[in-house]
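**Q** The opening position of the sequence shown corresponds to residue 1 in full-length UniProt numbering, with each subsequent residue numbered one higher. Glycine included, every Cβ here is placed at the ideal spot set by N, Cα and C. Got a structure for you, questions after.
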Amino acid sequence: MSGDRFKNCFLPTPAGSSSTAIKLLVITVPLVLVSFVIFFLVPRNSSYWVYVSPSGNSGTGNFGAVSEEVSTAAEAVAVSGEAALNRSTNKSLDAEAQVMEIHEFDETKEGSLNITTNELNNLNISVTGVLNATISLNESISLPLKQNRRVRTKLGKLEAGLQRARAAIKDAKNSSQLLDPDYVPIGPMYWDAKAFHRSYMEMEKQFKVFVYKEGEPPVFHDGPCKSIYSMEGNFIYQMDVNTKFRTNDPEKAHVFYLPFSVAKMVQFVYLRDSRDFGPIRRTVIDYVNVVSKKYLYWNRSLGADHFMLACHDWGPEASFSNPYLGKNSIRALCNANTSEKFNPVKDVSIPEMNLRTGKLTGLIGGPSASRRPILAFFAGGVHGPIRPILLEHWEGKDDEIKVHKYLPKGINYYEMMRSSKYCLCPSGYEVASPRIVEALYNGCVPVLISKSYVPPFSDVLRWKSFSVVVSVEDIPRLKEILMKISSRQYIRMQRRVLQVRRHFEFHSPPKRFDVFHMILHSIWLRRLNVRVSDGNDLNDDRPLKHRRRRWYWSDLDRLERGLQRARAAIKEAMNGSRLKDPDYSPDGPIYWNAKVFHRSYLEMEKQFKIFVYKEGEVPLFHDGPCRMIYTIEGQFINKMEINTKFRTHNPHHAHAFFLPYSVTRMRHFLHDLRSFGRVVTDYVNIITAKHPHWNRSLGADHFILACHDWGPYSSFYVPELVRNSIRALCNANTSERFDPIKDVSIPEINIRGNKLEGLNNGGLPPSKRSILAFFAGGNHGPIRPILFKHWKRKDQDIQVYEYLPKGLSYIDLMRKSKYCLCPSGYEVASPRVVEALYNGCVPVLISKDYVPPFSDVLDWKTFSVTVPIEEIGELKKRLMGIPERQYKRMQKRVVQVKRHFELNFTPKRYDVFHMILHSIWLRRLNVRLW
1 MSGDRFKNCF LPTPAGSSST AIKLLVITVP LVLVSFVIFF LVPRNSSYWV YVSPSGNSGT
61 GNFGAVSEEV STAAEAVAVS GEAALNRSTN KSLDAEAQVM EIHEFDETKE GSLNITTNEL
121 NNLNISVTGV LNATISLNES ISLPLKQNRR VRTKLGKLEA GLQRARAAIK DAKNSSQLLD
181 PDYVPIGPMY WDAKAFHRSY MEMEKQFKVF VYKEGEPPVF HDGPCKSIYS MEGNFIYQMD
241 VNTKFRTNDP EKAHVFYLPF SVAKMVQFVY LRDSRDFGPI RRTVIDYVNV VSKKYLYWNR
301 SLGADHFMLA CHDWGPEASF SNPYLGKNSI RALCNANTSE KFNPVKDVSI PEMNLRTGKL
361 TGLIGGPSAS RRPILAFFAG GVHGPIRPIL LEHWEGKDDE IKVHKYLPKG INYYEMMRSS
421 KYCLCPSGYE VASPRIVEAL YNGCVPVLIS KSYVPPFSDV LRWKSFSVVV SVEDIPRLKE
481 ILMKISSRQY IRMQRRVLQV RRHFEFHSPP KRFDVFHMIL HSIWLRRLNV RVSDGNDLND
541 DRPLKHRRRR WYWSDLDRLE RGLQRARAAI KEAMNGSRLK DPDYSPDGPI YWNAKVFHRS
601 YLEMEKQFKI FVYKEGEVPL FHDGPCRMIY TIEGQFINKM EINTKFRTHN PHHAHAFFLP
661 YSVTRMRHFL HDLRSFGRVV TDYVNIITAK HPHWNRSLGA DHFILACHDW GPYSSFYVPE
721 LVRNSIRALC NANTSERFDP IKDVSIPEIN IRGNKLEGLN NGGLPPSKRS ILAFFAGGNH
781 GPIRPILFKH WKRKDQDIQV YEYLPKGLSY IDLMRKSKYC LCPSGYEVAS PRVVEALYNG
841 CVPVLISKDY VPPFSDVLDW KTFSVTVPIE EIGELKKRLM GIPERQYKRM QKRVVQVKRH
901 FELNFTPKRY DVFHMILHSI WLRRLNVRLW
């Protein structure tokens, strides 16, 4: 039977069967040829392959493996699902497509896209015209995924575009100057002309702003266009009508504009002469609440990609209505005063312009440098702290320096400017002045006389190349300073004034590189510093190997993701139950929020890592005093050097970086501040040359610690150190540029011996404390002389000594006192605060501009008393007015809170070493590096 079966294969066939065989041969031969061509010519690693295996019992036979490469314009398509192959034969054949994935190693193409069934129904696949197959898709298909790629959301695409812009700007520094039909920035007026030009062109290419439509005029979408606050109204108007930078699709926006006018709020919301800022504050709060509930964008970034613009003096105060608006958002302000929490890293200084007619007609001009006979000129109202000094020294006292309170009749203000070489621009009530722009308009070199002012567009413009800066203290020497500037140097400065003023000109409609575009560019630069995540990655708990469409995370990515989880856990702790802790569970009114603090502390213990730079030699580095009034400086350095829990030797695993220099040691060995500055500057230069981490964040994830009075000044020699870095300081004085948002106030502890015994015994119970208040210490600084004048040896209840009489013990007197007076001396900090806590004595803080230690966690008013300098004479009345019951509660809290100030040679949980680390941890949580 088997022989017969094979024999039939060679028998003659009927005519019909012959026709079928010929058709089959016509189909089969080309398919085989195509298979060989594909097999030998197609790269093995460039696509996915579709393996078609016929199913069914038809007598047409098996077709073998057919490999088909299906190419789109950019990438191959991987097909999954059922396929119905329509043949030209008599029988229909059902085929099931099985997808075999061959992973990609070629990463030359970027990204991947999702294509849904609706987009690709009836996808036609043809192979050299031989086989036509229509694929019916029942489920979604996708372009093949490259390894180490993630599916790009709209936000992901925006961030990718910003990343390309960052790279282009960085590359511009070493590339040739770009061509531009309108203007090519060049010259010493710019910090880096090529980088600015590239950044500006990148902004024009992609920057998009979404203007919230909520709100009604006159407070929203409206503003003054013909006053000293002109910039406020003109910018709002231009943004409302702009088509190049404005987008109506918030998904395409890089930043979001809150279009309210503070000047209009003052006019329509504020009740004149009421001194009640509440209505303005509520207006801002309500507006942010409205947009945050209606849109997801505010909550996504906590306002970091949002901006406001205000030229009114109250602009900064309005921003503080919402904590995130003041702390996270980009604030474009005329009143760019660093002493009022203006942060040049995230905020924008904009020029104050007084457009009385709303146009520039007649405002721009002036003769050449050689035709200006007047050395310097000023005319304006006498207000603020600086102008009275200027008028006192120069009004009517010198023919070359024309200073007027009111201009005499017949003299034109602008003509005086055009006749002057230098135009004096002193601050008034606020730091900004429209005279700066007026000086530039009239070709007059501006002389800036202010304190804590950041000039407009300082991130791009190098102001010292076209202006003169005179400190308040040097006002009497004003003529001497200006006369020392050579004619050649003055002519160069005046020429630069003419060149740079294009950036301050207002045009309607706006022109490239004018003030409108410069403001947008400054906001663009701040947006480049912010990386926003939609949080999708954080909700995926699958192991990394199972997560397709995802980046492989760098060390920095993992660190930032860990911090993001910590932020979320801390936020949730507000409404969570109290956590258990074997050592101590924070509780009570001494904490602003005990549960939040506890969760934050546990998160710190779980993941916080610090890298201590190894560069530097003792005694200036890696060493410090472990006894005396600056104890904490040496103790912290020593403990960080030997710590194993928080210290890491791998900088890629570090959340923060410690610069281990001792200001006290510098004071001992170097003596003067200039030497300090050189040492600190050289040290930062060394670590930036050797490590990438400082430049990555411009120092924002770095910190120093100093307890010496000169600690703040040591940081001033490196701009990024004082502006960006975390500074842990005993001398936490806001009038000396201490910023509570990013800096850390640490306690001053005076250890005289090698041991802590005897310093922390707690003292007598409240009922046995016979002295109302006590102080003993040197008579120095502005506050203590006032205290001595009112209370030195004048009252038995308030015992105030400059020198203790023989036989009296300082510690014993503290332990017998209900209240311990802690007045500032030369500096705001005093070791008496900690000594009071150690001895169960309620501290009485008498200082100005002092931020007490750990104020972000501890509510000082629950366990201490604050007395203003003006009320020192009423000290006894104030203390006697505190009920006994309240005093006992405060004293009990003192006993509870002192654990956070205890210094242990081997650190214990929640002690002062860990509290300092926790404060640094909190600041690091506010910094995002991706």
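Given this structure, state the Cα-to-Cα distance separating P868 from L620, to the nearest angstrom.
**A** 38 Å
**Q** Ignore the nearest five residues each way along the sequence and tell me which others in F466's own chain have a CB closer than 6 Å to its CB.
**A** These residues qualify, in order along the chain: M189, M493, R496, V497, V500.
**Q** Mapping the DSSP letters down to three states, classify N337 as helix, strand or coil.
**A** strand
**Q** Our contact map puts residue 945 next to A376 with C-beta atoms below 8 Å; I'd like the distance itself, whole angstroms only.
**A** For residue 945 there is no data in the structure shown, the boundaries of the chain being 1 and 930.
**Q** Out of K789, K346, Q564, which one is the CA nearest neighbour of D459?
**A** Put simply, of K789, K346, Q564 the residue whose alpha carbon is nearest the alpha carbon of D459 is K346.
**Q** Counting C-beta neighbours from all protein chains within 10 Å, is the total for A817 16 or more, i.e. buried, or is it exposed?
**A** With the sequence shown as reference, residue 817 is identified as Ser, and Ala is not the correct amino acid for it. S817 comes out buried.
**Q** Note down, in chain order, each residue of its chain lying with its Cβ closer than 6 Å to the Cβ of R565, except the 5 sequence neighbours on either side.
**A** none
**Q** Among A700, W710, W694, P651, which has the Cα closest to the Cα of F676?
**A** W710
**Q** Which one or two residues does DSSP pair with Q799 in a beta bridge?
**A** F774
**Q** Buried or exposed: where does E871 fall if 16 or more other Cβ atoms within 10 Å of its Cβ makes it buried?
**A** exposed
**Q** Pair every Cβ in the stretch 598-609 with every Cβ in the stretch 559-576, then say whether three or more of these pairs are closer than 8 Å.
**A** yes
**Q** Would the beta-carbon of R665 fall within 8 Å of that of T338?
**A** Not a contact, by the Cβ cut-off of 8 Å.
**Q** Check whether the stretch 227-244 touches the stretch 178-195, taking contact to mean three or more Cβ pairs, one atom from each stretch, closer than 8 Å.
**A** no
**Q** Taking K402 as part of the beta strand (DSSP E), name the residues at either end of that continuous run.
**A** 401-404
**Q** What does L461 pair with, by DSSP beta-bridge criteria?
**A** Y190
**Q** Based on DSSP bridge pairs, tell me the residues matched to R332.
**A** Reading the sequence as shown, one finds Ala at residue 332 and not Arg. BP columns for A332 point to L309, V348.
**Q** Here's the rule: buried if 16 or more other CB atoms are within 10 angstroms of the residue's CB, otherwise exposed. What is V262?
**A** buried
**Q** Under a three-way DSSP split, which group does N733 fall into?
**A** strand
**Q** Measuring CB to CB, does M417 end up less than 8 Å from C444?
**A** yes
**Q** Just to confirm my understanding: we take S745, look at its own chain, exclude 5 residues before and 5 after, and list those with CB closer than 6 Å. What are they?
**A** A732, V851, P853.
**Q** For Y584 and Q896, I'd like the C-alpha separation in whole angstroms.
**A** 11 Å
**Q** What is the DSSP secondary structure of L482, counted as helix, strand or coil?
**A** When secondary structure is reduced to three states using DSSP, L482 falls in the helix class.
**Q** Run through DSSP, which three-state label would V469 get?
**A** strand
**Q** For the stretch 847-917, which segments carrying the alpha helix (DSSP H) assignment without a break, of at least 4 residues, lie completely within its bounds, in sequence order?
**A** Counting whole runs of 4 or more residues, the stretch 847-917 contains the alpha helix (DSSP H) stretches 875-880, 884-897.
**Q** What three-state label does DSSP hand R723 in the structure shown?
**A** helix
**Q** If you check the beta carbons only, do S427 and G380 fall under 8 Å apart?
**A** no
**Q** If you draw a straight line from the alpha carbon of R647 to that of V612, how long is it in whole angstroms?
**A** 7 Å
**Q** What would DSSP say about Y270, mapped onto helix, strand or coil?
**A** The answer is coil: DSSP assigns Y270 none of H, G, I, E or B.
**Q** With a CB to CB cut of under 6 Å and the five nearest residues on each side skipped, what residues in its chain are close to H790?
**A** I872, G873
**Q** May I ask you to verify whether the stretch 193-205 touches the stretch 154-169, counting CB pairs closer than 8 Å and requiring at least 3?
**A** With three or more CB-CB distances shorter than 8 Å, the stretch 193-205 counts as touching the stretch 154-169.
**Q** For F207, tell me which candidate among R462, H693, S471, W524 has the shortest Cα-Cα distance.
**A** W524
**Q** Out of curiosity, what's the CA-to-CA distance linking S227 and S292?
**A** In a straight line, the C-alpha of S227 is about 32 Å away from that of S292.
**Q** Are the beta-carbon atoms belonging to R696 and L929 less than 8 Å from one another?
**A** Yes, they are a contact pair.
**Q** Let me check understanding here. Comparing Cα to Cα, which of I475, G763, G303, M518 lies closest to P456?
**A** With respect to the C-alpha of P456, the residue from I475, G763, G303, M518 having the closest C-alpha is M518.
**Q** Could you give the DSSP three-state label for R356: helix, strand or coil?
**A** coil
**Q** Decide if V160 is buried, meaning its Cβ has at least 16 other Cβ atoms within 10 Å, or exposed.
**A** As written in the sequence, residue 160 is Ala, which differs from the Val given in the question. It is exposed - the Cβ of A160 has fewer than 16 other Cβ atoms within 10 Å.
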